[in-house]
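Taken in sequence, the protein lines are chains A and B. Heads up: the first sequence begins at 1 in the working numbering, then just goes up one per residue. Heads up: the second sequence begins at 1 in the working numbering, then just goes up one per residue. Cβ coordinates follow ideal geometry from the N, Cα and C atoms, glycine included. Beneath this line is the structure, given in structure tokens, with notes to follow.
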Amino acid sequence: MSAITPEIIEQHGLTKDEYAKILEIMGREPSITELGVFSVMWSEHCSYKSSRVHLGRLPTTGERVIVPPGENAGVVDIGDDWCVAFKVESHNHPSFIEPFQGAATGVGGILRDVFTMGARPIAAMNSLRFGPLNDEKHGNRNKSILKGCVDGIAHYGNCFGVPTIGGEVVFDESYSLNPLVNAFALGIVRKDQIFFGKAEGVGNPVLYVGAKTGRDGIHGATMASAEFDEEALEKRPTVQVGDPFLEKLLLEACLEAMRSGAIAGIQDMGAAGLTSSSVEMAARAGTGLELNLDLVPQRETGMTAYEMLLSESQERMLIVAKDGREKEVVDVFKKWDLDAVVIGKVVEGDRLKIYHKGNLEADMPIMAVTDNAPKYSRPMASPSPKSKVQSPKSEDLRPSTFDFRQSLEKLLASPNICSKRWVYRQYDSMVRTNTSILPGADAAVVRVKETRRAISMCLDGNGRFVAVNPREGAKLVVAESARNNVCVGAKPIAVTNCLNFPSPERPEIMWGFSEVIDGITEACEKFETPVISGNVSFYNETDGKGILPTPTIGMVGLLEDVRKLITQGFKNEGDLIALLGITNDDLSVSEYAQTVLGYTTDELIESGEVPKLDLTLEKQVQDTCLNLADKNLLKSAHDCSEGGIAVAIAESCFSSLNRDAVGAEISLTDENLDAAAQLFSESPSRIVISFAADKLEEVKEIVGDCPFAVIGKVKGDNLKISINGEESVSAKIEELENAWKTSLENQLEN
Amino acid sequence: MKFGVLVFPGSNCDHDAYHVISKHVGQPVEFVWHKQTDLSSYDAIIVPGGFSYGDYLRCGALAKFSPVMQSVKEFAAQGKFVFGICNGFQILCEAGLLPGALIRNRDLHFICDFVNLKVENQNTPFTSEVEKGKVLSIPIAHAEGNYVCDDATFQSLEENNQIVFRYCDENGEITDKANPNGARSNIAGICNLNRNVLGMMPHPERACEELLGSNDGRDIFRSLTKTISQI
């Protein structure tokens with residue numbers, strides 16, 4: 001009688017066709033253990049079965065690329081034989097079920113991905129998205145999810161000893177009950193000391209190192225590959241529990257063991273634990289593996305082979321040592337009081353053989369589990385062309401009687417623009433003494449002690465733009481990411497991405513996904529920033545309601561000389577303020593339309609248009625800014641995005657470390673644009689810069705034919721903006737700054 | 001002159017202290033593993049920040065039992081210099097080298113931010129080189145930096161001028177608003193009666209370069225090296 005019933009197959013998230021394929025591969029009925037291995041390896045989370053046909057279009061090559069996608073993290077060259085390894089990964093589903101541990105283990109997982117490559121993590125960031133905190137129905141839940149996630153990230157990163165230096169916190173209705181937690185980490189490694197997750201060398205011993213295996217997280221990968229319903233909280237046991245102290249020990253022990261030269265390959269046990277790490281290592285090397293589960297360190301008794309293979313206990317690694325040198329590895333781990341046990345060996349052929357209590361529990365062809373995993377060209381359908389509904393009406397966006405000062409203050413205090421200090425103050429952003437630009441800027445910067453260089457980085461997303469137009473929206477996000485790096489004086493060099501989407505089984509979602517891939521590709525090619533790592537997270541929906549499609553772009557930039565870094569604050573009275581780029585009429589999907597005029601996200605998406613992006617102009621503006629920075633002409637540079645030029649200028653006026661707030665007098669003139677558009681339009685490709693007045697001619701010379709206009713000067717302690725000769729805004733900086741600074745804290749602490 | 005920087009398995013500011021001593025203070029420095037017990041070659045020991053043994057119990061509660069801390073006690077008893085920063089301060093309190101204890105911050109959050117410090121006693125080996133009246137800008141990064149002690153201890157700290165640093169505003173005023181964590185009487189750092197053991201919650205090793213926002217921390221390291229060189 002068959003042990004594998006249709007119910008069991010369904011419980012494992014496998015379709016009938018997928019099971020038929022398993023039968024064909026195995027040539028017999030699989031054991032329940034084997035079925036478990038197939039189920040996690042073929043889950044959306046591990047196999048990328050819906051996205052692989054599209055991901056291949058992303059540009060992944062370039063002069064600096066040392067390790068392209070496919071390894072635990074991508075690696076790029078930053079010169080002088082130093083490289084950086086980085087990646088962003090989602091932990092959305094676990095963070096909804098159990099915010100603290102979900103977010104904490106998200107940080108833990110991405111840190112392991114980075115130090116598995118031999119790189120010491122030197123910076124972390126997070127892109128977080130939540131439902132509105134004042135939502136009538138879900139507000140309290142959204143608050144508790146936010147607090148839990150922030151607490152979890154702080155708990156893990158602070159103890160581990162990596163500075164959390166940036167990221168974003170965004171609010172929208174679509175993230176109610178569907179929070180997004182995308183964790184990024186970056187490490188530094190010498191070019192000749194990069195390690196790979198390959199099970200190379202027949203006869204080499206396979207070591208299990210780190211934490212003991214328990215029953216936590218079994219089927220976590222399968223959980224992350226399904227949408228949620230009311231029973232989501234029953235899935236709590238699939239979320240793992242993190243131990244950052246143990247991870248710290250694991251980091252130090254791994255790096256020390258790597259230096260010994262005794263390690264041939266190493267891979268972290270993340271999603272699908274021992275199963276995916278062993279299968280992937282063998283697949284990359286084209287070898288077979290034999291493992292004896294009796295030898296695996298366990299913290300619970302009576303575990304079956306099935307449970308051990310599928311456990312997602314944290315802080316574990318699989319290491320292939322060089323034959324005869326396993327003792328050196330064991331000794332290093334012993335020094336750090338960690339388990340390190342030989343549990344098997346690399347063998348010839350293509351079979352994964354798992355023994356437990358004398359039985360052969362699994363015997364399966366490795367390539368069939370990985371390369372032959374299902375790959376779907378899911379149906380795609382573009383949404384029906386918009387029936388241009390009349391809201392927001394074009395004239396509605398242009399009230400002539402509005403109080404612009406009040407609008408500006410409202411924008412500055414709005415959830416997506418206000419200071420996120422309440423969040424990042426809980427992260428240790430300075431440990432390792434490299435953080436040269438602290439959180440809250442366009443991009444964060446860490447210097448590289450071993451060189452004169454520094455690395456900048458930022459995470460950006462914009463679900464609204466992508467929802468309106470996936471291809472153009474994705475391009476806008478990549479452009480903003482690049483611009484954010486440029487604003488600190490860094491040249492963008494490479495990208496990692498995290499593609500957060502609802503169910504891929506809906507054709508319009510899949511169409512959007514494909515469009516996003518093409519948009520990212522086009523923009524990354526323009527900026528010469530290859531995509532070197534990334535992650536896809538589908539099924540971000542609860543009770544049938546999905547998130548806005550949200551690709552998160554992690555862009556990394558390089559400063560050749562850390563002394564040339566630029567900050568966003570205006571510096572000296574009398575300095576000139578100028579705009580690089582052009583302001584167009586881009587209000588229809590803006591923070592202004594939402595916050596000041598009160599349109600819902602659905603209304604904006606229904607009738608709005610994304611700002612028009614000209615990649616050539618964008619590149620010209622960025623190159624100009626970099627040239628000015630390189631010639632030491634800039635006192636400040638700040639990206640102009642959410643909230644438009646008014647918000648950008650106000651933020652440049654606000655105080656920062658060692659710098660008091662300063663005022664500005666601005667005069668904007670454009671006969672073709674009304675006041676609202678001039679102040680709050682979100683046209684891309686714009687940077688607000690400031691420089692000493694006597695440098696104007698030098699600046700102009702470098703600017704050449706790039707759109708450029710002097711719009712005012714640094715003066716006093718008020719912000720005064722006149723539009724076409726008429727004063728529109730006059731406000732004390734102190735009042736504006738106070739509104740911006742206290743908004744989030746007031747919502748969360750009261 | 002030689003510095004030793006203790007390394008507990010969960011120390012994470014050990015590299016930062018080492019970097020500052022070797023690069024900015026310009027003195028010989030070595031890491032000292034937590035299982036090591038011979039400290040005879042050092043003039044000063046830095047107990048760095050971090051999470052010593054994970055600190056899932058009270059911060060520093062396990063560290064006080066470590067082999068190296070037994071030696072640090074003897075080292076301090078000989079009058080040699082011991083400097084605890086952040087987790088190091090917590091460990092020195094747990095180990096009984098300094099009075100009082102550090103509990104959860106008033107608002108229960110981890111706080112990482114620059115704070116202002118008033119030097120209350122310039123007559124210590126750690127502060128002798130700080131310009132009189134200067135307000136130091138130095139970052140904190142802790143969840144448990146709320147200094148507490150009983151009234152008798154507080155009185156003796158005051159009488160003996162053992163309060164070395166207090167949180168203050170940018171003008172040097174000791175206000176409740178300038179107190180980031182609820183510490184008793186804004187206490188940020190104290191020394192022992194003999195003045196050779198100092199513990200402070202702020203991180204002077206993070207404030208030794210303009211690039212990082214401040215170099216006020218150098219004053220403290222400079223004071224210590226000058227004191228040692230005059231012995």
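Leaving aside the five residues before and after residue i along the sequence, list all residues of the same chain whose C-beta is less than 7 Å from its C-beta, in chain order.
i	result
Arg218/B	His24, Cys208
Ile493/A	Arg64, Val76, Thr529, Val556, Gly557, Leu558
Gln426/A	Val150, Ala154
Are residue i and residue j closer than 9 Å when you measure CB to CB?
i	j	result
Glu136/A	Gly242/A	no
Val754/A	Ala183/A	As displayed, chain A neither begins before 1 nor continues past 750, which places residue 754/A out of reach and without an answer.
Val446/A	Asn434/A	yes
Asn724/A	Ala143/B	no
Leu289/A	Met281/A	yes
Pro163/A	Ala199/A	no
Asn12/B	Gly60/B	no
Leu657/A	Leu438/A	yes
Cys653/A	Phe538/A	no
Val240/B	Gly96/B	Only positions 1 to 231 of chain B appear in this structure, which leaves residue 240/B out of reach.
Ala76/B	Ile228/B	no
Tyr592/A	Phe680/A	yes
Glu472/A	Gly519/A	yes
So residue i contacts chain B; which residues on that side make the cut at Cβ distance below 7 Å?
i	result
Asp429/A	According to the sequence as given, residue 429/A is Ser; it is not Asp. The answer, in chain order, is Cys112.
Asn658/A	Gly213
Lys154/A	Residue identity check: residue 154/A is Ala in the sequence provided, not Lys. Under the 7 Å cutoff, chain B gives Phe110.
Note down, in chain order, every chain A residue with its Cβ under 9 Å from the Cβ of residue i.
i	result
Asn12/B	Asn158, Cys159, Phe160, Gly161, Val162, Lys248, Asp428, Val431, Arg432
For residue i, return the contacting residues in chain A, with the cut-off set at a CB-CB distance below 8 Å.
i	result
Asp16/B	Val431, Arg432, Thr433
Pro9/B	Phe245, Lys248, Leu249, Glu252, Trp336, Asp337
List, in order along the chain, the chain B residues whose C-beta lies closer than 8 Å to that of residue i?
i	result
Trp740/A	Result: empty, since nearest Cβ-Cβ is about 17 Å, beyond 8 Å.
Val320/A	Per Cβ cutoff of 8 Å: no residues; Val320/A is ~25 Å from chain B at best.
Val562/A	Leu211
Ser436/A	Leu211, Leu212
Here's a check: name, in chain order, each residue in its chain whose Cβ is nearer than 6 Å to the Cβ of residue i, leaving out the five neighbours to either side.
i	result
Lys16/A	none
Asp16/B	Glu205
Ser382/A	Trp511
Ile605/A	Ala467, Val468
Phe83/B	Ile46, Leu198
Ser728/A	Phe404, Ala675, Ile721
Cys418/A	Trp740, Ser743, Leu744
Arg299/A	Lys212, Gly214
Under three-state DSSP, which class holds residue i?
i	result
Pro6/A	helix
Val448/A	coil
Leu102/B	strand
Phe126/B	coil
Please go through the same chain and pick out, in chain order, the residues whose beta-carbon is closer than 8 Å to the beta-carbon of residue i, but skip the five residues on each side of it.
i	result
Gln27/B	Met1, Lys2, Phe3, Ile21, Thr225
Val115/B	Ser137, Ile138, Pro139, Ile140, Tyr167, Ala178, Pro180, Ala188, Pro202
Asn134/A	Gln747
Glu698/A	Lys631, Leu633
Lys713/A	Gly574, Asp575, Leu576, Ile577, Ala664, Glu665, Ala693
Glu131/B	Asp219
For residue i, return the contacting residues in chain A, with the cut-off set at a CB-CB distance below 7 Å.
i	result
Arg206/B	Met430, Thr433
Checklist entry - Between the segment 243-274 of chain A and chain B, which residues of the former have CB atoms less than 7 Å from a CB of the latter, in chain order? => result Within the segment 243-274 of chain A, contact with chain B at the beta-carbon level (separation under 7 Å) is assigned to Phe245, Lys248, Leu249.
Checklist entry - Using Cβ-Cβ distances below 8 Å, what residues of the segment 51-65 of chain B are close to chain A? => result Result list: Phe51, Tyr53, Gly54, Asp55, Tyr56.
Next on the checklist: Which residues of the segment 131-161 of chain B have a Cβ closer than 7 Å to any Cβ of chain A? Give them in chain order.
Outcome noted: Taking 7 Å as the Cβ-Cβ cut-off against chain A, the residues of the segment 131-161 of chain B that qualify are Pro139, Ala141.
Next on the checklist: Please list, in chain order, the residues of the segment 91-109 of chain B that have any C-beta partner in chain A closer than 9 Å.
Outcome noted: Asp107, His109
Item to check | Contacting positions in the segment 405-430 of chain A - beta carbon closer than 7 Å to chain B | outcome: Residues of the segment 405-430 of chain A whose Cβ lies closer than 7 Å to any Cβ of chain B, in chain order: Arg425, Gln426, Tyr427, Asp428, Ser429, Met430.
Checklist entry - Listed from N- to C-terminal order along the chain, which residues in the segment 333-348 of chain A have their beta-carbon within a distance smaller than 8 Å of any beta-carbon of chain B? => result Trp336, Asp337
Checklist entry - According to a CB-to-CB cut-off of less than 8 Å, which residues of the segment 443-457 of chain A neighbour chain B? => result Residues Arg447, Lys449.
Checklist entry - What residues in the segment 21-33 of chain B bring their beta carbon closer than 8 Å to a beta carbon of chain A? => result none
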